[in-house]
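Step one of this worksheet: look at the structure below.
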Amino acid sequence: SIQRSRLVLDVQLLGMVSSCMVQPLTSDALCGTELSLLRRWATRALALVVFMVAFSLCDFSSWSRSGSRGGSRVRAELGTMNSTYFGCGCFWHVQHDLVSLVEQDILWRDADTLTAFTGYAGSVRTAASSGHVCYHGADSDYGALGHAEVVSLDFPPSLAEKVADVFFSNTCVKGRRRDSQDWGAEYRSLIGLPGGLESDMGQSFASVAAKRGVTLRAGRGGDEDAHGVVWVMDATVFR
Numbered sequence: 006s007i008q009r010s011r012l013v014l015d016v017q018l019l020g021m022v023s024s025c026m027v028q029p030l031t032s033d034a035l036c037g038t039e040l041s042l043l044r045r046w047a048t049r050a051l052a053l054v055v056f057m058v059a060f061s062l063c064d065f066s067s068w069s070r071s072g073s074r075g076g077s078r079v080r081a082e083l084g085t086m087n088s089t090y091f092g093c094g095c096f097w098h099v100q101h102d103l104v105s106l107v108e109q110d111i112l113w114r115d116a117d118t119l120t121a122f123t124g125y126a127g128s129v130r131t132a133a134s135s136g137h138v139c140y141h142g143a144d145s146d147y148g149a150l151g152h153a154e155v156v157s158l159d160f161p162p163s164l165a166e167k168v169a170d171v172f173f174s175n176t177c178v179k180g181r182r183r184d185s186q187d188w189g190a191e192y193r194s195l196i197g198l199p200g201g202l203e204s205d206m207g208q209s210f211a212s213v214a215a216k217r218g219v220t221l222r223a224g225r226g227g228d229e230d231a232h233g234v235v236w237v238m239d240a241t242v243f244r
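Residues 6 to 244, numbered by my numbering, are exactly what the sequence shown covers, in order.
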């Protein structure tokens, strides 16, 4: 600990001073060496004191996410957030991008407030026996029911263009998937927005998609795997 280090330092300094005081005059070389060590320890002790004083004066509250990079503005809009979802191949890499590039970098969320969860969406069909949609199970198979792998995300409508730019420039470039083995309707590229492509958020995404060379089409549910096309679903219907 710091207190223990100070005690050891004080004892060592005291020993050096005492040694030089009792040495005979013929031991100048030895005493000079000890004085050099004394000066070295004194310099280190001074540096430690300066560091501790500077550390105690730091205002760490200014480092909080809620007070930097627009975090306060985003948090003030939490009541106006919309629930959406994104898919572009296997949902694990999509989740990674949305968490790191959107939730953490743009929305400044921590582990307790993340909204990017994996699941299935893109159709209105569910299992007849349970009403569920699951991973390759009996009558609840998500692929057989017309769903695709997606990741949820809640964010303010005012950030639609920023989120769209992240998705189209990093996660689903040109509407195509990174892994060539992710083929078939289960891995199709799609986005779920409240109101779909014709909504205000949909138009914001369409504007960014045009700049990024991405083709958007309004989804009708259970859509095919169209290479280079991102289906835009109405998230209030196709959940």
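Positions of the beta carbon are idealized from the N, C-alpha and C atoms, including for glycine.
Cβ pair residue i, residue j closer than 8 Å
i	j	result
Gly148	Phe243	no
Ala121	Gln100	yes
Phe91	Leu106	no
Ala190	Ala153	yes
Val138	Leu150	yes
Met86	Phe160	yes
Val156	Leu195	no
Asp146	Arg193	no
Leu164	Ile111	yes
Ser209	Glu166	yes
Endpoints, the alpha helix (DSSP H) within which residue i is located
i	result
Val235	Element bounds for Val235: not the alpha helix (DSSP H) but the beta strand (DSSP E), Val234 to Asp239.
Phe96	Phe96 to Asp102
Ala169	Ala165 to Val171
Residue span of the beta strand (DSSP E) that contains residue i, given as start and end
i	result
Gly207	Segment Asp205 to Arg217 is the alpha helix (DSSP H) holding Gly207; no beta strand (DSSP E) there.
Val156	Ala153 to Phe160
Thr89	Asn87 to Gly92
Arg222	Thr220 to Ala223
Leu195	Leu195 to Leu198
Supposed contact pair residue j and residue i - C-beta distance, whole angstroms, cut 8 Å
i	j	result
Gly197	Thr89	6 Å
Gly142	Lys179	Going by Cβ atoms, the distance from Gly142 to Lys179 rounds to 33 Å, so no, they are not a contact pair.
Short CB-CB distance (under 8 Å) between residue i and chain B
i	result
Asp184	Of the protein chains in this structure there is only one, and it is not chain B.
Margin query: Check whether the stretch 85 to 97 and the stretch 177 to 189 touch, using three or more Cβ-Cβ pairs below 8 Å as the test.
Written below: yes
Next item on the list: Give a yes or no on contact between the stretch 215 to 234 and the stretch 158 to 177, applying the rule of three or more CB pairs nearer than 8 Å.
Entry: yes
Margin query: When you compare the stretch 187 to 207 with the stretch 229 to 243, are there three or more beta-carbon pairs, one atom per stretch, that lie closer than 8 Å?
Written below: yes
Notebook entry, point to check: Going along the chain, which unbroken runs of the beta strand (DSSP E) with 3 or more residues stay wholly within the stretch 94 to 150?
Noted result: 123 to 126
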